[in-house]
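Peer 1: Handing you this structure, nothing more for now.
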Amino acid sequence: MSEKGEGALQRFRRLMARSLAARLLTIALVSVSGLVAVGWVAHAQFNRQLLTLLIDPEIQSVADNLIGNSGPGLAGELALQDVPYDPRYSQPLSGRYFEIARIHEPDGRLDVQVISPSLFDTIIRLAPDLRQRLTAPNAPRGPQFLDIEGPDHAPLRVIARVEQLPRLQGRYLFLVGVAPQAIIAPAANLVGLAFAAFVAFCALMVAAVTVLQVRIGLEPLRQLQRDIAAVRRGQTERLAGEYPAELQPLTQELNALVDHNREVVERARRHVGNLAHALKTPIAVLKNAASGAAADPDDNVMKQSIEEMEGFVERQLRRARVAARAEAGAGPQAATIAYRTPVLQNLEDLVFMMEQKYDHLKAIDISIEAEGDVTFRGEREDLLEMIANLLDNACKYGKSTVVIRLLPSPQSNGLFEIVVEDDGPGLSEQDIERAMARGTRLDEAAPGQGLGLSILKETVDLYGGKLLFERAQLGGLRARLLLPATD
Amino acid sequence: MRVLVVEDDKNLREQLAAALGDAGYTVDSADNGEDGQFLGETEPYDLAILDLGLPKIDGLSVLKYWRKEGRTMPVLILSARDRWSEKVEGLDLGANDYVTKPFHMGELLARVRANVRRQTDHQSSVLEVGDLQLNSATGQVTVNGAPVKLTAYQYKVLDYLMHHAGRIVSRTELTEKIYSQDHERDSNTIEVFIGILRRKIGADRIITEKGLGYRLVDPAALQ
Chain A
4 MSEKGEGALQ RFRRLMARSL AARLLTIALV SVSGLVAVGW VAHAQFNRQL LTLLIDPEIQ
64 SVADNLIGNS GPGLAGELAL QDVPYDPRYS QPLSGRYFEI ARIHEPDGRL DVQVISPSLF
124 DTIIRLAPDL RQRLTAPNAP RGPQFLDIEG PDHAPLRVIA RVEQLPRLQG RYLFLVGVAP
184 QAIIAPAANL VGLAFAAFVA FCALMVAAVT VLQVRIGLEP LRQLQRDIAA VRRGQTERLA
244 GEYPAELQPL TQELNALVDH NREVVERARR HVGNLAHALK TPIAVLKNAA SGAAADPDDN
304 VMKQSIEEME GFVERQLRRA RVAARAEAGA GPQAATIAYR TPVLQNLEDL VFMMEQKYDH
364 LKAIDISIEA EGDVTFRGER EDLLEMIANL LDNACKYGKS TVVIRLLPSP QSNGLFEIVV
424 EDDGPGLSEQ DIERAMARGT RLDEAAPGQG LGLSILKETV DLYGGKLLFE RAQLGGLRAR
484 LLLPATD
Chain B
702 MRVLVVEDDK NLREQLAAAL GDAGYTVDSA DNGEDGQFLG ETEPYDLAIL DLGLPKIDGL
762 SVLKYWRKEG RTMPVLILSA RDRWSEKVEG LDLGANDYVT KPFHMGELLA RVRANVRRQT
822 DHQSSVLEVG DLQLNSATGQ VTVNGAPVKL TAYQYKVLDY LMHHAGRIVS RTELTEKIYS
882 QDHERDSNTI EVFIGILRRK IGADRIITEK GLGYRLVDPA ALQ
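For the protein sequence lines, the chains are A and B, in the order given.
For the first sequence, the residue numbers in our numbering are 4 to 490.
For the second sequence, the residue numbers in our numbering are 702 to 924.
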């Protein structure tokens, strides 16, 4: 195969691999071409049968006529007596011929006596074995219809009759032939046109069927694509639609993948939880033991060390929790896949948690102002952590009032807004700047404060959200958290 | 006052038992979920401190079981798990409070005290002011049948106001009653509590009498 041919084959293979439509078109083309070929063969066979039906009566009748008009001539040879036959048997090479020959006994050689004028300077030749068969003394009687090669090597339909004639010695072979070509020649153009039309019609059908197949046959694939997009956008959590049996395994696998992803993250988190338990319980014991002891100088050193330890463990655990997702192979995109979390109920739960947490510390009035509910395109876990972080700070620094506002209608960028305000001292411009800058590197964060903020920022970034700090109307800090809503 | 401590760490369990004992509580303790669940089911406790990561049966399952069996004592979850989703889950299952490790013993005792008193001030009485109902046996507050979630202090303020429904209660009186055993409190924290309660049970149920204090009323009866 030439290099160019190979290139074309490669291109074809690539096209097959790239386009289902091309595959379907190719299959349709191949099968329809096969059908057309079979149709052509069948059509030719039919034509032959049809021609035989047309030709056979004619040649039979001409042969009857010839036999009936054959008699002895003046010299005792066979002569035709004034036969008014079809003038086409007189036109040279018209495709209609006859021939009368005496059979030599016993070798069966043929001695041509009379030929139709149309044979001009030639005769109807029989292959030797055929001649033998026809002229043998024990040959079956009656007319024989044969397809042979006539003058000009064109096919010829022939009737052969061996007759003994009254008043004439010996046996005579009568041959009358008509070339099918002579009958179809006037219609040849029409037939060609009909066939071309038939092929064109087939090609059109193939094109139409392929378009239909792609449109209707591949529609479930497009549906699947839309559904997967819905999962990605967080409109649904799993692929739940009805799919053709051929696609079911695919959708099951996809659902399993989504579940697996969640499971891996959850398992990693649980692991961190267990680690936290294992580390924090002994620290709690140490802490209690230290504060229980009398207030001597060593005790202060111990307390300080324990606090450092506590801060370190806290930081590492938070770090690990954030890393858990990364380890699970879930990138920024995966953060938003297939999760939908209603916001308002979780806000209410969190507010009560905060009331509990600060109950014995101070009286703080946390109120929610919501214009409606919205669904967060992300994990409940993350939503709770992010808001709890802001809320915790607000409660810690606020004097007596914290307001959470939920602005549920998504902005043009698809983000909804949660505002947390307190009436505490607030932050200066520089502090706000510093707070925002921190978190680029966790290690720089002082133990305790600021740390929560850096984790919070990481999570907000993961979801493509925004976090802004401003001065609040209440006097303290206003945190604006913008997060993606499901669409 | 009987308190149950379910904690698998031996040192912490002993510290808790000692601190609670010093504070005047009678303490029973269990080092696994199975024993803890059994004790909490069969003995009448005024409060249970429940660790979550327990051998045999985990803390949340123990809590779920107690609540299913109708045990209504306040439960304070003590856990190293500090994910907010876990805390919310604990509260959803019927925990009254959630303290994360490591903690200050003083803070824990304050919360124990706040939660214990909620149950024992008025044994098994149901207070009713209009469709506002407070069941001191279960610590449940409902408005027109719908449950209202209150923290220990919020509950105490409402409890006191309901006991003196219709009469004016001064801020000083409330402050003294609510914070008698705790550290000094700013009297305007009462204002904050009143604000929260008004939002939770309906603003027209607590009337401010200028310069005097507050009065709990049945708004339906006023009309």
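Yeah, the Cβ is synthetic: ideal placement off N, Cα and C, and Gly gets one too.
Using 8 Å as the limit for Cβ to Cβ distance, is B/VAL893 near chain A?
Peer 2: Here residue 893 of chain B refers to the residue found at position 192 of the second sequence. It does: the Cβ of B/VAL893 has a partner Cβ on chain A nearer than 8 Å.
Peer 1: In the DSSP assignment, the alpha helix (DSSP H) including B/TYR856 goes from what residue to what residue?
Peer 2: Within the second sequence, the letter at position 155 stands for residue 856 of chain B. It spans 853-864 - the alpha helix (DSSP H) in which B/TYR856 sits, taken as one unbroken run.
Peer 1: If the criterion is Cβ atoms closer than 8 Å, does the pair B/VAL830 and B/ALA866 meet it?
Peer 2: Residue 830 of chain B sits at position 129 when you count from the first residue of the second sequence. Residue 866 of chain B sits at position 165 when you count from the first residue of the second sequence. Their beta carbons are under 8 Å apart, which means B/VAL830 touches B/ALA866 by this criterion.
Peer 1: Is DSSP giving A/GLN116 helix, strand or coil here?
Peer 2: In the first sequence, the residue the question calls residue 116 of chain A occupies position 113. The answer is strand: DSSP assigns A/GLN116 an E or B state.
Peer 1: For A/GLN414 and A/TYR466, what's the separation of their Cα atoms in angstroms?
Peer 2: Counted from its first residue, the first sequence places residue 414 of chain A at position 411. Counted from its first residue, the first sequence places residue 466 of chain A at position 463. Cα to Cα, the separation comes out at about 15 Å.
Peer 1: Compute the Euclidean distance between the alpha carbons of A/GLN319 and B/LEU717, then round it to the nearest angstrom.
Peer 2: Your numbering for residue 319 of chain A matches position 316 in the first sequence. Your numbering for residue 717 of chain B matches position 16 in the second sequence. Looking at the two C-alpha atoms, the distance is approximately 27 Å.
Peer 1: Buried or exposed for A/GLU313, going by 16 or more other Cβ atoms inside 10 Å?
Peer 2: Locating residue 313 of chain A in the first sequence gives position 310, where the first residue counts as 1. Buried: at least 16 other Cβ atoms inside 10 Å.
Peer 1: Please list the terminal residues of the continuous alpha helix (DSSP H) segment that includes A/THR29.
Peer 2: Here residue 29 of chain A is taken as the residue at index 26 of the first sequence, counted from 1. Its alpha helix (DSSP H) spans residues 23-71.
Peer 1: Within the 8 Å Cβ cut-off, does A/GLN359 reach chain B?
Peer 2: Reading the first sequence from its first residue, position 356 is the one you call residue 359 of chain A. Chain B places a beta carbon closer than 8 Å to that of A/GLN359, counting this residue as a contact.
Peer 1: With 16 as the cutoff for other CB atoms within 10 Å, does A/GLY427 come out buried or exposed?
Peer 2: By one-based count along the first sequence, residue 427 of chain A stands at place 424. The residue in question, A/GLY427, is buried, as its Cβ has 16 or more Cβ neighbours within 10 Å.
Peer 1: Within 10 angstroms of its Cβ, does A/SER457 collect 16 or more other Cβ (buried), or is it exposed?
Peer 2: Here residue 457 of chain A corresponds to residue number 454 of the first sequence, with the count starting at 1. Buried is the call here.
Peer 1: Per DSSP, what kind of secondary structure is A/PRO413 in: helix, strand or coil?
Peer 2: Here residue 413 of chain A refers to the residue found at position 410 of the first sequence. Note: A/PRO413 maps to coil in three-state DSSP.
Peer 1: I'd like to check one pair, A/ARG236 with A/ARG383: are the Cβ atoms closer than 8 Å?
Peer 2: Taking the first sequence and counting its residues from 1, the one referred to as residue 383 of chain A is at position 380. Taking the first sequence and counting its residues from 1, the one referred to as residue 236 of chain A is at position 233. Not a contact, by the Cβ cut-off of 8 Å.
Peer 1: Which residues in the same chain have their Cβ closer than 6 Å to the Cβ of A/GLY74, if we skip the five residues on either side of it in sequence?
Peer 2: Translated into positions along the first sequence, residue 74 of chain A becomes position 71. So the list reads GLN84, once near-sequence residues are dropped.
Peer 1: Check for me: the beta strand (DSSP E) holding A/LEU418 runs from which residue to which?
Peer 2: To locate residue 418 of chain A, count along the first sequence from 1; it is residue 415. From DSSP, the beta strand (DSSP E) with A/LEU418 extends over 418-425.
Peer 1: Consider the Cβ of B/LEU721: report whether some Cβ of chain A lies at a distance smaller than 8 Å.
Peer 2: Locating residue 721 of chain B in the second sequence gives position 20, where the first residue counts as 1. So, not an interface residue.
Peer 1: Per DSSP, what are the beta-bridge partners of B/GLU910 in this structure?
Peer 2: Position 209 of the second sequence, counted from the first residue, corresponds to residue 910 of chain B. Bridge partners of B/GLU910: B/GLY914.
Peer 1: Could you list which residues in chain A have their beta carbon closer than 7 Å to that of B/PRO681, in chain order?
Peer 2: This structure leaves residue 681 of chain B out entirely; chain B is present only between 702 and 924.
Peer 1: So, at 6 Å on beta carbons, what are the nonlocal neighbours of A/ALA391 in its own chain, with the 5 sequence-adjacent residues on each side left out?
Peer 2: Within the first sequence, numbered from 1, the residue matching residue 391 of chain A stands at position 388. Result list for A/ALA391: LEU353, in chain order.
Peer 1: With distances taken from CA atoms, which of A/MET357, A/PRO411, A/LEU393 is nearest A/VAL375?
Peer 2: Translated into the one-based positions of the first sequence, residue 375 of chain A becomes position 372. Rather than Val, the amino acid found at residue 375 of chain A in this sequence is Gly. Nearest neighbour of A/GLY375 by Cα position, chosen from A/MET357, A/PRO411, A/LEU393, turns out to be A/PRO411.
Peer 1: What distance in whole Å lies between the Cβ atoms of A/GLN63 and A/PRO498, which are believed to be in contact at a cut-off of 8 Å?
Peer 2: Absent from the structure is residue 498 of chain A, since the part of chain A shown begins at 4 and ends at 490.
Peer 1: Taking DSSP as the reference, what is the three-state secondary structure of A/LYS469?
Peer 2: The residue given as residue 469 of chain A occupies position 466 in the first sequence. DSSP, read as helix, strand or coil, puts A/LYS469 in strand.
Peer 1: Please report the distance separating the alpha-carbon of B/GLY925 from that of A/TYR361.
Peer 2: Since the first residue shown for chain B is 702 and the last is 924, residue 925 of chain B is missing from the structure and cannot be characterised.
Peer 1: How would you label A/ILE219, buried or exposed, when you count the other beta carbons within 10 angstroms and need 16 or more for buried?
Peer 2: Walking along the first sequence from the start, residue 219 of chain A turns up at place 216. That one is exposed.
Peer 1: On the criterion of 16 or more Cβ atoms from any shown chain inside 10 Å, does A/HIS363 qualify as buried, or is it exposed?
Peer 2: Counting from one through the first sequence, the residue named residue 363 of chain A turns up at place 360. The residue is buried, with at least 16 neighbouring Cβ atoms inside 10 Å.
Peer 1: With 9 Å as the limit, tell me which residues of the segment 365-376 of chain A have their beta carbon closer than that to any beta carbon of chain B; keep them in chain order.
Peer 2: LYS365, ALA366, ILE367, ASP368, ILE369, SER370
Peer 1: Residues bridged to B/VAL830 by DSSP?
Peer 2: In the second sequence, residue 830 of chain B corresponds to position 129, counting from 1. B/VAL830 pairs with B/LEU833.
Peer 1: Tell me, which residues are paired with A/ASP150 by DSSP?
Peer 2: Locating residue 150 of chain A in the first sequence gives position 147, counting from the first residue. In the DSSP output, where bridge partners are listed per residue, A/ASP150 has A/ARG160.
Peer 1: A/GLN238 to A/GLN251, Cα distance in whole Å?
Peer 2: In the first sequence, the residue the question calls residue 238 of chain A occupies position 235. In the first sequence, the residue the question calls residue 251 of chain A occupies position 248. Cα to Cα, the separation comes out at about 21 Å.
Peer 1: Can you list the residues of chain A that B/THR890 reaches, using a CB-CB cut of under 8 Å?
Peer 2: Position 189 of the second sequence, counted from the first residue, corresponds to residue 890 of chain B. Chain A residues near B/THR890: LYS365, ALA366, SER403.
Peer 1: With 8 Å as the threshold, decide whether the Cβ of B/THR852 is near any Cβ in chain A.
Peer 2: Position 151 of the second sequence, counted from the first residue, corresponds to residue 852 of chain B. Proximity of B/THR852 to chain A, defined by a Cβ-Cβ separation below 8 Å, is satisfied.
Peer 1: Along the chain, where does the alpha helix (DSSP H) that runs through B/TYR880 open and close?
Peer 2: For the purposes of this step, residue 880 of chain B is taken as the residue at position 179 of the second sequence. Start and end: 872-880.
Peer 1: Name the chain A residues whose beta carbon is nearer than 7 Å to that of B/SER786?
Peer 2: In the second sequence, residue 786 of chain B corresponds to position 85, counting from 1. Going along chain A in sequence order, the residues near B/SER786 (Cβ under 7 Å) are ARG383, GLU384, LEU387.
Peer 1: Interface residues of chain A around B/ARG782 at Cβ under 7 Å?
Peer 2: Here residue 782 of chain B refers to the residue found at position 81 of the second sequence. Ordered by position in chain A, the residues that pass the 7 Å Cβ test against B/ARG782 are GLY276, ALA279, HIS280.
Peer 1: If we require 4 or more residues per run, which alpha helix (DSSP H) segments fall completely within the segment 722-782 of chain B?
Peer 2: 734-743, 760-769
Peer 1: In whole angstroms, give me the CA-to-CA distance for B/LEU851 and B/VAL842.
Peer 2: Start at 1 with the first residue of the second sequence, and residue 851 of chain B comes out as number 150. Start at 1 with the first residue of the second sequence, and residue 842 of chain B comes out as number 141. C-alpha separation (whole angstroms): 8 Å.
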